[in-house]
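Engineer:
In this note's numbering, the protein residues as written are 203 to 872.
#1: Which residues share a DSSP beta bridge with residue 736?
#2: For a quick check, are the C-beta atoms of residue 373 and residue 336 less than 7 Å apart?
#3: Quick check on the burial criterion: 16 or more other C-beta atoms within 10 angstroms. Buried or exposed for residue 776?
#4: Under a three-way DSSP split, which group does residue 859 fall into?
#5: In chain order, what are the residue ranges of uninterrupted beta strand (DSSP E) at least 3 long that sit wholly in the stretch 600-641?
#6: DSSP has residue 843 in a bridge; who is on the other side?
#7: Going by CA-CA distance only, name the one from 296, 820 and 553 that's closest to residue 497.
#8: Between residue 677 and residue 855, what straight-line distance do the alpha-carbon atoms span, to the nearest angstrom?
#9: Quick one: residues in its chain with C-beta nearer than 8 Å to the C-beta of residue 489, no 5 flanking neighbours on either side, listed in chain order?
#10: Just list the alpha helix (DSSP H) runs in the stretch 491-544, keeping only unbroken ones of 4 residues or longer that don't cross its boundaries, in chain order.
#11: Does the stretch 809-829 come into contact with the stretch 602-617, if we say contact requires no fewer than three beta-carbon pairs (one atom in each stretch) closer than 8 Å?
#12: So, are the CB atoms of residue 446 and residue 431 less than 7 Å apart?
#13: Taking all protein chains shown into account, decide if residue 636 is buried (16 or more other Cβ within 10 angstroms of its Cβ) or exposed.
#14: Rounded to whole angstroms, how far is the Cβ of residue 459 from the Cβ of residue 423, which I believe are closer than 8 Å?
#15: Taking C-alpha atoms, which residue in 230, 521 and 317 lies nearest to residue 532?
#16: I'd like to confirm the pairing. Which residues does DSSP put opposite residue 209 in its beta bridges?
#17: Just tell me which of 639, 457, 709 and 625 has its CA closest to the CA of residue 472.
#18: Between which two residues does the alpha helix (DSSP H) holding residue 694 run?
#19: Grab the span of the beta strand (DSSP E) containing residue 744 for me, first residue to last.
#20: Taking C-beta to C-beta, are residue 326 and residue 365 nearer than 7 Å?
#21: Among the residues of its own chain, which have a CB less than 6 Å from the CB of residue 680, if the five just before and after it don't count?
#22: Start and end of the beta strand (DSSP E) containing residue 752?
#23: Can you list, in chain order, the residues of its chain with a C-beta nearer than 7 Å to that of residue 853? Leave out the 5 residues immediately preceding and following it.
#24: What do you get for residue 310, buried or exposed, if any count of 16 or more other CB atoms within 10 angstroms of its CB means buried?
#25: To the nearest angstrom, how far is the alpha carbon of residue 379 from that of residue 493?
#26: Quick check: what's the CA-CA separation for residue 437 versus residue 549?
#27: Quick check on residue 682: buried or exposed, where buried means 16 or more other Cβ atoms within 10 Å of its Cβ?
#28: By alpha-carbon positions, which one of 451, 420, 524 and 425 ends up nearest to residue 435?
#29: Using a threshold of 7 Å, state whether the C-beta atoms of residue 303 and residue 292 are closer than that.
#30: When the Cα of residue 206 is compared with those of 226, 239, 227 and 542, which residue comes out closest?
#31: Tell me, to the nearest whole angstrom, how far the beta carbon of residue 807 is from that of residue 780; I am working on the premise that it is less than 8 Å.
#32: Can you look up residue 304 in the DSSP assignment and give me helix, strand or coil?
#33: Given residue 241, which residues of its chain have a CB within under 7 Å of its CB, disregarding the five upstream and five downstream residues?
#34: Identify, in the order they occur along the chain, each residue of the same chain with its Cβ nearer than 7 Å to the Cβ of residue 551, setting aside the five sequence neighbours on each side.
#35: Along the alpha helix (DSSP H) that carries residue 829, what are the first and last residues, could you check?
#36: Taking the straight line between their C-alpha atoms, what separation do you get for residue 466 and residue 341?
In structure tokens, the structure reads:
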């Protein structure tokens, strides 16, 4: 039993971040439980220990919960495959054979496969179903069709249980069941109708699957194989079928899933089709070998362990391919946020091409049928003239059909590129992301992007990169580190792996965290055709319509002149340091009147607040110091903090807007 409190899931704090509330809603959950105490039930485990049942104990996990029969079979297979192979080759083979639920792949391997466009390889899909059915039918060909049906259905139930009841594998299993049923009745299978029936049954069982991305991608990819692959294979009839299918399958599936992927992730992988073509032979070897090894390991684990060793080098080669293409420049191109109207327009173009091809095929078939008939002799010239007019119309239609594909391709590119280009060329926006450590600012100025601070590696991976992808950013023009950082081992290093940085401005203050890392990082920036500049106190940087000045590199204190407004970013300071800074600023008069103050949420002295005099104060923190908040309210300063308001976005016309809803400070017209 779990004792805790219920809570309402919140939307993401940052634009483009993972929406946990929407994910729970798709699964039918709308309330979370924050557990405080767990009462373990281990009576059964103690009884097994007393009986000396070591095999049963081996299947029990730390919670004392006995796995089901299916889970025990899955563990038996995975253990047989991992006993003779190291990580990550062993887990990869298990994932290809049984899906990602069977085993935990290392994050870097999973990330490489996703970036290279091979995410489908480590997910349960129709590939496993088709291989299992082909194997069962081949082994039972001497038996009656009724026995073949029984063996096939049993294999499907076992496979669905082992891989997990995911929408994609259930769709494939239902289509496999329909194929077996048609085999018994000696009827021809219509794949498109079978796909629609399978989708209808699944949605009747679980209507929420219509929002499941796996179900959507599985349905669209299969639809592409059903309606697009045959015409492409007909065009490549001069090639051996095995080679032609390697080329056709990735293209046919990618055409139908690409608009949805753009809508969900705002990113396209230019190398994905090429990678899938190159990796296809290895995927077939690993899929067939993994399934054979899994079946052997289920019956006799040592046999599965011996067979899986043959797959070690194909697994190594597949991992090398995924890692190589995931690290190439331009392996992912951000296109910006795609609207529902753009999504509908893209699928309308695809359907237009598909229906145009079907119409052309039907006309060709009708012409052949007419040619087989006997022509009547002695037709009049008027009838002959009509025949010529009919031929000219068919020829004109043939020309228009030939232009459908290139015209649709140009229109599809325009639907994605033109809106993104228009938005970026006219946008000026400052975004303060909701981060836990240092403040992270993104300044978008008519196509140019400046990033001030990056946070740690986790912040870059889950906050900064998703936001930049949603905004269609593929390079950073200016990167400024106001705080000391860990060079290539921190957030900047992770960002540099994914996006090129054209100019990097580094805080040159000698701090312990920064010592020894700037030289290595400078070399990395320059090796990627970037420029590296160290900054000192009073250094000024021109960021287009925004100017940045380091007032103090050690604290640090940074002044941003955004148009006619002054933003001041201050680091953590002791009260003594704040007093000294206030006096120095008052004596030198270098600080301009401040409209926006950015700080960490920790205590600020009245002396410093009086010297700065902000109109808006923003804390990059979960909570702010109560005394500081009281002083700011007393001076009628508008207060935001990322822990309550989420990320904040400012535009000259709209002022500040918060990401999360709160009772106050929804907008500011500063």
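All C-beta atoms, glycine included, are put in the ideal place defined by N, C-alpha and C.
Structural biologist: Straight from the coordinates:
#1: Beta-bridge pairing by DSSP links residue 736 to 708.
#2: Taking 7 Å as the Cβ cut-off, residue 373 and residue 336 do not qualify as a contacting pair.
#3: exposed
#4: strand
#5: 630-635
#6: 821
#7: 296
#8: In this structure, the straight-line span from the alpha carbon of residue 677 to that of residue 855 is close to 26 Å.
#9: Within the same chain, residue 489 has close Cβ partners 298, 299, 329, 330 and 333.
#10: 503-510 and 514-528
#11: no
#12: no
#13: buried
#14: 5 Å
#15: 317
#16: 234
#17: 457
#18: 693-700
#19: 742-744
#20: In this structure, residue 365 lies closer than 7 Å to residue 326 by Cβ.
#21: 652, 705 and 745
#22: 748-754
#23: 630 and 631
#24: exposed
#25: 19 Å
#26: Here the C-alpha atom of residue 437 lies approximately 23 Å from the C-alpha atom of residue 549.
#27: Sixteen is the threshold: when 16 or more other Cβ atoms of the shown chains lie within 10 Å of the Cβ of residue 682, as they do, the residue is buried.
#28: 451
#29: Remark: C-beta atoms of residue 303 and residue 292 do not approach each other more closely than 7 Å.
#30: 239
#31: 5 Å
#32: coil
#33: 203
#34: Excluding the 5 residues flanking it on each side, residue 551 has same chain C-beta neighbours closer than 7 Å at 610, 613 and 614, in chain order.
#35: 828-836
#36: 42 Å
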